[in-house]
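Q:
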Amino acid sequence: LKDRIDLDFAYTNKTDFASDEPVKLDLFIKNAPTLLVKVFEVNTTNFYRAQLKEVDTDVNLDGLVANVEQSHKSDAPPLRRVAKSFEFPQLTKPGGAFAVAFIPDLASASTNAEAGKQPKRFLLPPEYIAMGFAVVGLW
1229 LKDRIDLDFA
1239 YTNKTDFASD
1249 EPVKLDLFIK
1259 NAPTLLVKVF
1269 EVNTTNFYRA
1279 QLKEVDTDVN
1289 LDGLVANVEQ
1299 SHKSDAPPLR
1309 RVAKSFEFPQ
1319 LTKPGGAFAV
1329 AFIPDLASAS
1339 TNAEAGKQPK
1349 RFLLPPEYIA
1359 MGFAVVGLW
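Counting in the working numbering, the sequence shown runs from 1229 upward without gaps.
1. If you draw a straight line from the alpha carbon of Y1239 to that of E1269, how long is it in whole angstroms?
2. Report the partner residues of I1257 according to the DSSP bridge assignment.
3. With a threshold of 7 Å, establish whether the CB of F1237 neighbours any heavy atom of the ligand SAM.
4. Assign K1252 to one of two classes, buried (16 or more other C-beta atoms within 10 Å of its C-beta) or exposed (fewer than that).
5. Based on Cα-Cα distance, which residue from S1313, F1245 and I1233 lies nearest to F1326?
6. If distances are taken between C-alpha atoms only, which option among G1324, K1321, E1297 and T1273 comes closest to T1262?
7. Return the bridge partner residues of T1262 from the DSSP annotation.
8. Who are the Cβ neighbours of F1316 in its own chain at under 6 Å, not counting the five residues just before and after it?
9. Under the rule that 16 or more other beta-carbon atoms within 10 Å means buried, what is L1307, buried or exposed?
10. Since I1257 and S1313 are thought to touch, with beta carbons under 8 Å apart, how far apart are those beta carbons, to the nearest angstrom?
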């Protein structure tokens, strides 16, 4: 349990926001001393043309540059699961769709601090380590 990295969205998160309301997401985090939060604006027209469907959580973020990138540090012990709130006041653009990725910094996780030892368990494969992901559409 100590080596495992967990990011879980709180069940109490809102699913709908008013167009002028700041977006707030609550997460439960375990063993992620540093967490990168990246916000991507999704071009809905191009997405629909390429995928022939509305924007959903299948958005491929490979090659996209984040509009906003933040780093959050935590000093919680590796075994402690802590709740943290993230606010995104910049996501109030009418007609916009945004993808928010929560990415733990594996180099700072407790297992990697032990002489280069790799974590024993990933929730996702290493190449898709964005463990938390949300799509926020404002129409």
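Ideal Cβ positions, reconstructed from N, Cα and C, are used throughout, including at glycine.
A: Quick look at the numbers:
1. When rounded, the separation of the alpha-carbon atoms in Y1239 and E1269 is 24 Å.
2. Beta bridge pairing from DSSP links I1257 with L1235 and V1310.
3. Absent from the structure shown: the ligand SAM. Ligands present: none.
4. Exposed is the call here.
5. Residue F1245 is the option with its Cα nearest to F1326.
6. Here the closest residue by C-alpha is E1297.
7. K1301.
8. The residues are V1251.
9. Answer is exposed; the Cβ neighbour count stays below 16.
10. In fact, because the Cβ distance is near 11 Å, the residues do not count as touching under 8 Å.
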